[in-house]
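S.K.:
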């Protein structure tokens, strides 16, 4: 062998004839079953290949590959393994000269076939499969960087290589006790190497066979193997290509829209894992398309669950849809939306929040949706699912500028949803608001409503309000107060609602409160006490006790935040009286699993009540606005929708009438009936009278300037008219008139 090697190196032009001779000998020995000589010939070829790197090696390689092919075509496992080992050695050699005519198609096909070997002896079967995996690894190494070779990334090759690797990845077991590498470990290493070499344009061809394999073998439903495959993919490819994999998964999810819920849930679970692995911002340029696809799947799942079929029909032979499986899919989609959102920067997360809000059917804002055939229950479920998605997206949301992060186009529809009759929807809205307002992780400290004698134990993080925060509260504060008030007024509100409302009041106090906000929050708390005292609202005893307890807990908190001793003293005195005489007006006795409440709530008066006059007096001495403090809080509507504004005027008038005519103690039954009749007439007048009459009656607060008429004539409101020419482009139309 040494002499032969020396001769080949000394006369490289003879190398091709040496190769041809050895090839001929090997073919003859294989045919005659003289396997000892076959091994000698192959060893000689291997050593010559390793030693010689001259320009004329190409012809020798052709002879070499011809012999390897001969061995691989044999039905003897040992010869197949021998040929594979020689090919692997060859694959690791870097050739100095390019090859224009070499083809590896046979080797891809044969090695893939060996990966699926079903040889009877399990040990030999394992060896053949491992040889096939090593052979594929060799082909990839030899061709991936050689531009002159046939492109290994072409679908014709990837459709053989990838399924062969996945087959072994799925069927084998890892060797925990032995030191030798198992087929699974070898396959995983080979798969990672293949993916690691994939350039931007090759990712799709590498991932598509994975999707097809999982489809063909029903491997989405088990989830485990599919998740394992894509973890390998996401960790192996270059990080800047992650979004390509995610886009392919999203496309595959759309393609499987009418597959069973378990298949779709499996794809969604894989997406969830892929998003968690992907680096920040790797969702790629089409961020909203990701969420659009997921929201579309959510919508389809709700329709399937409610209609019971994939096409809205109930024909014989249609697939039976299992509601619990659709629910599991919906929860998986919602978790995935949250996982994607966590990878986004703040500005993109704000866009996603707006995008999702635009998909929610909100009464009076954007109620119309494409027909689903699922009716009102479908609309309600869509609201719930999309709000749950928003809960996920807003979790951990941090922003320094509330005005830009939460524009009116987001807040107004969100707050509109907080007035729906559905308690689940209202609770989700409150959870979203809490996530958005909490910027210093204070929310867990308000999780339970209780009377805390010293709030320093809560270790609240309080920062001075920024200018942006002040502007935010100036613009949206009244909306937030109004929705807190009306949320307490809902008969269907339960313990969770009141706990969330208390947390919202607490967060407003520590996150966004200046002196003016503090005054308004105190007025709001006192208005809630009046709400609980009122018999007109027909609130159940539990709700009235809960509102009393909520008001007490909040005033106990805010008085300690203001650090005005006389204010704190008055609040604590009232709480002490309640502790002795009326425990059912305090949170510790109301917000428990089995609250002990009276059958009716009467004679809540005197020392049991927080007094607006007393609070105004003590806070006025510390420089607070006494005029504002002394004014009872009335919910105000601030928005651009004329219809809602009109409804709000009537609501505000009703509240004002309540304050004007409600008397704590009325001795005469006749007087009480007269007052009730008077109230009824006034309310009826405001409900049925023309808008102009109501506007005139309400005065400057609701006075609206009529829009200019196209003719250029403007009514002055006093029976006179004045002529003025106004161009069309300068005219201001009401929002409802503009498309």
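In full-length UniProt numbering, the protein residues as written are 1 to 739.
Beta carbons: idealized from backbone N, C-alpha and C, even for Gly.
#1: From the DSSP output, in three-state form, read off residue 541 for me.
#2: Ignore the nearest five residues each way along the sequence and tell me which others in residue 423's own chain have a CB closer than 8 Å to its CB.
#3: Identify the continuous alpha helix (DSSP H) that holds residue 158 and give its terminal residues.
#4: Of all the options 229, 429, 462, which has the alpha carbon lying nearest to the alpha carbon of residue 445?
#5: Whole angstroms are fine: how far does the CA of residue 565 sit from the CA of residue 621?
#6: So, at 8 Å on beta carbons, what are the nonlocal neighbours of residue 27 in its own chain, with the 5 sequence-adjacent residues on each side left out?
#7: Between which residues of its own chain and residue 745 is the CB-CB distance below 8 Å, once the five residues before and five after are set aside?
#8: Whole angstroms are fine: how far does the CA of residue 466 sit from the CA of residue 438?
#9: Which whole-angstrom value describes the C-beta separation of residue 480 and residue 434, a residue pair presumed to lie in contact below a C-beta threshold of 8 Å?
#10: Give the secondary structure of residue 207 by DSSP, where H, G and I count as helix, E and B as strand, and everything else as coil.
#11: Do you know offhand how far residue 195's Cα is from residue 245's?
#12: Tell me the rounded alpha-carbon separation between residue 16 and residue 248.
#13: Considering residue 497, what are the terminal residues of the alpha helix (DSSP H) in which it resides?
#14: Just to confirm before moving on: does the CB-CB distance between residue 188 and residue 214 stay below 8 Å?
#15: Going along the chain, which residues of its own chain have a beta-carbon closer than 6 Å to the beta-carbon of residue 339, five neighbours each way excluded?
#16: For residue 106, count neighbouring C-beta atoms within 10 Å of its own C-beta (all shown protein chains included) and say buried if the count is 16 or more, exposed if not.
#17: Could you tell me whether the region 393-412 touches the region 341-361, where touching means 3 or more Cβ pairs closer than 8 Å?
#18: If distances are taken between C-alpha atoms only, which option among 436, 488, 483, 377 comes closest to residue 416?
#19: Under the rule that 16 or more other beta-carbon atoms within 10 Å means buried, what is residue 224, buried or exposed?
#20: Of the residues 675, 75, 382, 543, which one's Cα is nearest the Cα of residue 599?
#21: Does the region 259-268 touch the region 354-361, meaning 3 or more C-beta pairs lie closer than 8 Å?
#22: Please say whether residue 190 and residue 137 have beta carbons closer to each other than 8 Å?
#23: When you compare only the Cα positions, how much space is there between residue 309 and residue 329?
#24: Contact between the region 293-304 and the region 228-240 is defined here as three or more beta-carbon pairs at a separation below 8 Å; is this criterion met?
#25: Compare the Cα-Cα distances from residue 612 to each of 597, 535, 530 and report the closest residue.
#26: Is residue 50 buried or exposed, if buried means 16 or more other CB atoms sit within 10 Å of its CB?
#27: Can residue 20 and residue 63 be called in contact, C-beta distance under 8 Å?
#28: So, residue 29 versus residue 41, is the Cβ gap smaller than 8 Å?
#29: Contact check, residue 502 vs residue 550 under 8 Å by CB: the rounded distance?
#30: Which first and last residues belong to the alpha helix (DSSP H) in which residue 439 is found?
#31: With C-beta atoms as the reference, is residue 615 less than 8 Å away from residue 570?
#32: Let's see if you can read the secondary structure: which residues bound the alpha helix (DSSP H) around residue 263?
#33: Between residue 486 and residue 427, is the Cβ-Cβ spacing less than 8 Å?
#34: For a test of the three-state rule: what should DSSP assign to residue 256, helix, strand or coil?
#35: Residues in its own chain within less than 6 Å of residue 405 by CB, not counting five upstream and five downstream?
M.R.: Put simply:
#1: For residue 541, the three-state secondary structure derived from DSSP is helix.
#2: Result list for residue 423: 490, 492, 493, 494, 497, in chain order.
#3: 155-171 is the extent of the alpha helix (DSSP H) around residue 158.
#4: Sorting 229, 429, 462 by C-alpha distance to the C-alpha of residue 445 places 462 at the top.
#5: One C-alpha to the other measures close to 11 Å.
#6: The beta carbon of residue 27 lies closer than 8 Å to those of 67, 70 in the same chain, with the five residues before and after it left out.
#7: For the chain, the structure presents residues 1 to 739; residue 745 sits outside this window and is missing.
#8: Spanning the two alpha carbons is a distance of roughly 15 Å.
#9: Between residue 434 and residue 480 the Cβ distance is about 12 Å, and since that is not below 8 Å, they are no contact.
#10: Residue state, collapsed to three classes: helix.
#11: Computed Cα separation, rounded: 12 Å.
#12: Between residue 16 and residue 248, the C-alpha separation is close to 48 Å.
#13: Element bounds for residue 497: 495-511.
#14: Contact: no.
#15: Shown here for residue 339: same chain residues with a beta carbon closer than 6 Å to its own, the five before and five after excluded, namely 272, 275, 276 in chain order.
#16: Taking all protein chains shown into account, residue 106 has fewer than 16 neighbouring C-beta atoms within 10 Å of its C-beta and is therefore exposed.
#17: The region 393-412, when compared against the region 341-361, does touch it at the 8 Å Cβ threshold.
#18: Ranking the options by Cα distance to residue 416, first place goes to 483.
#19: With fewer than 16 other Cβ atoms within 10 Å, it is exposed.
#20: Minimum Cα distance to residue 599 is reached at 543.
#21: In short, these stretches do not touch, since the Cβ pair count stays below three.
#22: In this structure, residue 190 lies closer than 8 Å to residue 137 by Cβ.
#23: Straight across, the Cα-Cα distance linking residue 309 with residue 329 is about 16 Å.
#24: No: the two stretches stay apart, fewer than three of their Cβ pairs being nearer than 8 Å.
#25: Considering only 597, 535, 530, the residue with the shortest C-alpha distance to residue 612 is 530.
#26: By the beta-carbon neighbour count (other beta carbons within 10 angstroms, threshold 16), residue 50 is exposed.
#27: Yes, the Cβ-Cβ distance between residue 20 and residue 63 is below 8 Å.
#28: Yes; because the gap between Cβ atoms is below 8 Å, this pair is in contact.
#29: Contact flag correct, Cβ pair sits at about 5 Å.
#30: Counting along the chain, residue 439 falls outside any alpha helix (DSSP H), and DSSP gives it neither H nor E.
#31: Their beta carbons are under 8 Å apart, which means residue 615 touches residue 570 by this criterion.
#32: Taken as a continuous stretch (DSSP letters only), the alpha helix (DSSP H) holding residue 263 covers 261-277.
#33: No, Cβ-Cβ distance for residue 486 and residue 427 is not below 8 Å.
#34: Coil at residue 256, not helix or strand.
#35: Hits under 6 Å: 350, 399.
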